[in-house]
Amino acid sequence: MESFSIAALSQLSFFPIHPHRRTRARPFRPWKQRTSQPTRFHCQKMYVPGFGEASPEAKAAKHLHDFFTYIAVQIVTAQLQSYNPEAYEELMEFMGRHSLNDGDKFCANLMRESPRHKSLAMRILEVRSAYCKNDFEWDNLKRLSHKVVNDSNTRLMRDYVLETSHMEGEK
């Protein structure tokens, strides 16, 4: 006859036993798991404080979004100037009354101005999207950004060295 050994359910453990760790009793809260401890990622990126919920890239994306609206407005006004002077004048008058600093707000206000303005706003949205997807040179942006930062750093350091070495030479 075969013998079976049956362990009591209370003796079975579903969790591994770690004898060298100290354990603290924590209440089980599935909605709040380990949020009191900051999560640290091991990566080679810099931590940038002061941006709250958004990353520097998210802030730059918002600025680019508004810039794309500005570019789209410039493209649409140039097109209107040549083939629809009346719509061009209406858009220019609207631009005189509304800021282009917030692209979405500008387009929302333009849509609500009149049915004619709504069609202009729709055209601006189409051009903004097409420019961002097809015409904006992202690689060129990265290259130019690196160049501007490096040239600026070099110029500032050179100016400082010239300024301080000139002052020390006079003493």
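Our numbering puts the sequence shown at residues 12 to 182.
Ideal placement from N, C-alpha and C gives every residue a C-beta, glycine not left out.
- When the five nearest sequence neighbours on each side are left out, no beta carbon in the same chain lies closer than 7 Å to the beta carbon of L173.
- In the three-state DSSP reduction, V59 falls in the coil class, being neither helix nor strand.
- Taking one beta carbon from each stretch, the stretch 123–130 and the stretch 140–149 have fewer than 3 pairs nearer than 8 Å; the two do not touch.
- Distance between Y99 and M133, taken at the CA atoms: about 15 Å.
- With a cutoff of 8 Å on beta-carbon distance, L131 and L102 are scored as near each other.
- Residues of the same chain with a CB within less than 6 Å of the CB of A69, apart from the 5 flanking positions on each side, do not exist.
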